[in-house]
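Heads up: the sequence shown begins at 4 in the numbering used here, then just goes up one per residue. Don't be surprised by glycine CBs; every beta carbon is placed ideally from N, CA and C.
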Amino acid sequence: MGYDLHVHTTASDGIVSPIGVVRRAIDLKLEGIAVTDHDTVAGISPATEYINNEGLELDLIPGIELSIDFEQEEVHILGYFIDYRNPKLLEKLILFQEARTQRAVKIVEKLNQMGLKVDYDRVREMAIGGLIGRPHIAQVLVEKGYASTIKEAFRKYIGRGSPAYYPRYKLLPGESIKLIKECGGISVLAHPGHIKNQRIVGEMIDLGINGIEVFYPDHSEQQTSYFRKLSQEKGLLITGGSDYHGESAERNQLGTIRVECCYVDNMKSFLGCF
């Protein structure tokens with residue numbers, strides 16, 4: 004049972020379709036999941052419709068993951084229970100989608116300049132009609148034999164600090180929180196253990212973030228304990244999730260993190276859903 008509150012699909016840079024993710028969640032006997040694709044809500048409707056049409060017992064929380072630039076560091080903000088049909092949100096996401104496509108083109112150009120023959124059309128095929136992300140480029144790099152795993156492809160070629168890396172379009176910190184709030188949602192600081200400058204965590208709290216992703220595969224016991232205590236002291240919501248993108252990342256398998264229902268109940272109470 005329990006909830007996995009950090010799940011990606013082929014609508015962004017995941018490699019499993021929204022329906023595939025729902026099927027996997029049912030097989031794992033999860034009580035619910037949050038679809039939190041990067042900069043898009045395109046995976047929510049297919050997953051929701053499939054659940055309703057098949058009469059499945061799975062609580063699907065509409066969400067999103069937004070990227071922000073904070074003092075030269077990339078920080079991610081999760082939005083939960085958002086109105087994914089909100090016109091202002093959809094208008095903003097069009098900009099993200101255009102920027103994501105441009106980013107993929109730039110990365111492929113860099114790879115080819117390095118002598119790696121990567122075809123953009125093949126990358127687009129890997130995205131299966133969704134937004135093109137770096138995992139799709141990594142898949143092609145593995146397919147072509149330039150890397151043995153997706154993780155290696157990121158480390159050698161397209162990860163931050165690697166030769167073909169190209170930065171993504173990001174919101175300002177306050178913008179992301181405001182946008183999620185305007186869509187009726189809850190803003191949560193994603194995987195805070197990844198943030199190098201921990202002062203940013205405090206500044207995000209000061210900006211009005213609603214919660215912290217305490218439970219995360221890469222967090223040590225010490226980090227989990229620290230972020231849980233910090234959340235409790237600051238009166239913030241506690242969430243957690245696997246950051247699932249597909250079967251390739253062993254530590255981030257769907258259901259690796261299962262948040263107890265009481266935490267989801269707290270989120271719903273915060274929004275007045277009860």
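**OP:** Would you mind reading off the limits of the beta strand (DSSP E) that contains PRO65?
**Re:** 62-73
Subject >> Check whether LEU182 and LEU98 have beta carbons under 9 Å apart >> reply: no
Original post:
Just how far apart, CA to CA, sit ARG88 and GLY118?
Top reply: 43 Å
**OP:** Would you mind giving the Cβ-Cβ distance between GLU77 and ASN200, rounded to the nearest angstrom? I have them listed as a contact below 8 Å.
**Re:** Their Cβ separation, rounded to whole angstroms, is 12 Å, which puts GLU77 and ASN200 out of contact at 8 Å.
Subject >> Three-state class that DSSP yields for ILE180 in the structure shown >> reply: helix
**OP:** Under 8 Å by Cβ, that's how I've got PHE84 and LEU274 pegged, so tell me the actual separation to the nearest angstrom.
**Re:** 6 Å
Original post:
Hey, GLN100 and ASP42: beta-carbon distance below 9 Å or not?
Top reply: yes
**OP:** With THR242 as the anchor, note down where its beta strand (DSSP E) starts and where it stops.
**Re:** 240-243
**OP:** Helix, strand or coil for LEU8, going by three-state DSSP, please let me know.
**Re:** strand
Subject >> Distance between GLU94 and ASN213 (C-alpha atoms, nearest Å) >> reply: 24 Å
Original post:
From VAL38 to SER15, what distance separates their C-alpha atoms?
Top reply: 11 Å
Subject >> THR152 burial status per 10 Å Cβ neighbour count (16 or more: buried) >> reply: exposed
Subject >> Given LEU8 as reference, the closest of ASN55, ILE131 and LEU61 once Cα atoms are compared >> reply: LEU61
**OP:** For GLU250, count neighbouring Cβ atoms within 10 angstroms of its own Cβ and tell me buried if that reaches 16, exposed if not.
**Re:** exposed
Subject >> Own chain, CB closer than 7 Å to ILE260, minus 5 neighbours either side, in chain order >> reply: ASP7, PHE218, TYR219, PRO220, GLY243, GLY244 and SER245
**OP:** Alpha carbon to alpha carbon, how far is ALA150 from THR187? Give it in angstroms, no decimals.
**Re:** Reading off the sequence, residue 187 comes out as Gly, not Thr. If you take the alpha carbons of GLY187 and ALA150, they lie about 42 Å apart.
Original post:
How many angstroms separate the CA atom of ILE161 from the CA atom of ILE140?
Top reply: 8 Å
Original post:
Between GLY82 and GLU57, what straight-line distance do the alpha-carbon atoms span, to the nearest angstrom?
Top reply: 27 Å
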